[in-house]
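Peer 1:
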């Protein structure tokens, strides 16, 4: 090969290599994008404001008609003539260790709750018979708030009281983050950015809490570490939105 031809081939190969090699900034951008995508994929959306595909009624295959989607929120309206069947909602999927993030808004004088570890069996008529509850309440008006701080909003119901009251008034949205981690034997509740409740989930410490509560002697209560997330029909209007869960 002649010298001029050899030089031309070398130059062409060099140009091709430059075109195919991404710049340092491009590679970094691609890596960041993949990292961001992975972070987003950690969360499972349970309610995005448009679909209830992740939910059904407790102990039934359909959705109770008392739950409506309005302005991106999941709203419960108590039926005028309550039926024998409850109107609680549960997830179709079971969860064990997780962080649950949602917003709730309670009506004036209203009461509701959020459950985990819920089991469905003819033996149990209500989610609260197996699933521990994080309280949703109008602390100012509902009489349950006067029955002790373990009955107030954000409490692990009848077992662990909030460290302080950080709730917003009835009719306003509250952001709640519930962590259930059996691997580390730790549960917690963050309400409106503040951690207000921590509690054990197993062993003697859990058993002692249950023994000192109304649930003492209840067959199955808090015994199931894997179960459904539940939203309570307590007979009062309540709304939830932006519901998502991150398995741990």
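Numbering (our numbering), first residue to last: 154 to 401.
Each residue gets a CB set at the ideal place from its N, CA and C atoms; glycine is no exception.
In this text, all values refer to a predicted model and were calculated from it rather than measured experimentally.
1. Would the segment 380 to 392 count as touching the segment 240 to 259 if we require 3 or more Cβ pairs under 8 Å?
2. Residue 263 and residue 391 look like a contact to me (Cβ under 8 Å); what is the Cβ gap, rounded to whole Å?
3. When DSSP labels each residue in this structure, what does residue 359 get in the three-state scheme?
4. Taking the CB atoms as reference points, tell me whether residue 350 and residue 309 lie closer together than 9 Å.
5. Between which residues of its own chain and residue 284 is the CB-CB distance below 7 Å, once the five residues before and five after are set aside?
6. Would you check if there are 3 or more beta carbon pairs closer than 8 Å linking the segment 320 to 327 to the segment 287 to 295?
7. So, with DSSP's three-state summary, where would you put residue 105?
8. Give the list of continuous beta strand (DSSP E) stretches no shorter than 3 residues that lie fully inside the segment 308 to 377.
9. Distance, Cα to Cα, residue 249 vs residue 374?
10. Can you say whether residue 224 is buried or exposed, counting buried as having 16 or more other CB atoms within 10 angstroms of its CB?
11. Looking at the secondary structure, which residues open and close the beta strand (DSSP E) in which residue 288 lies?
12. Between the beta-carbon of residue 288 and the beta-carbon of residue 371, is there less than 9 Å?
13. Return yes when the Cβ of residue 211 is within less than 9 Å of the Cβ of residue 280, no when it is not.
14. Would you check if the distance between the CB atom of residue 342 and the CB atom of residue 331 is smaller than 9 Å?
15. Whole angstroms is fine: what's the gap from residue 393's alpha carbon to residue 214's?
16. Between the Cα of residue 232 and the Cα atoms of 399, 388 and 395, which residue gives the shortest distance?
17. Between the alpha carbons of residue 305 and residue 238, how many angstroms are there, rounded?
18. So which of 329, 346 and 230 has the shortest CA-CA distance to residue 219?
19. Determine the DSSP secondary structure at residue 299, reduced to helix, strand or coil.
20. Using C-beta distances below 7 Å, list every residue in its chain close to residue 396, excluding the 5 sequence neighbours before and after it, in chain order.
21. Hey, could you find the ends of the beta strand (DSSP E) residue 264 is sitting in?
22. Using 10 angstroms around the beta-carbon of residue 296, count the other beta-carbons present and answer buried if the total reaches 16, otherwise exposed.
23. Less than 9 Å between the beta carbons of residue 253 and residue 319, yes or no?
24. Alpha carbon to alpha carbon, what distance is there between residue 208 and residue 311?
25. Please report the distance separating the alpha-carbon of residue 347 from that of residue 377.
Peer 2: Well, looking at it:
1. yes
2. 6 Å
3. helix
4. yes
5. 268, 269, 270, 271, 380 and 383
6. yes
7. The requested residue 105 does not occur in the structure, where the chain is confined to residues 154 to 401.
8. 327 to 334, 339 to 344 and 347 to 352
9. 15 Å
10. exposed
11. 286 to 290
12. no
13. yes
14. yes
15. 21 Å
16. 388
17. 26 Å
18. 230
19. helix
20. 199, 200 and 255
21. 264 to 271
22. exposed
23. no
24. 27 Å
25. 28 Å
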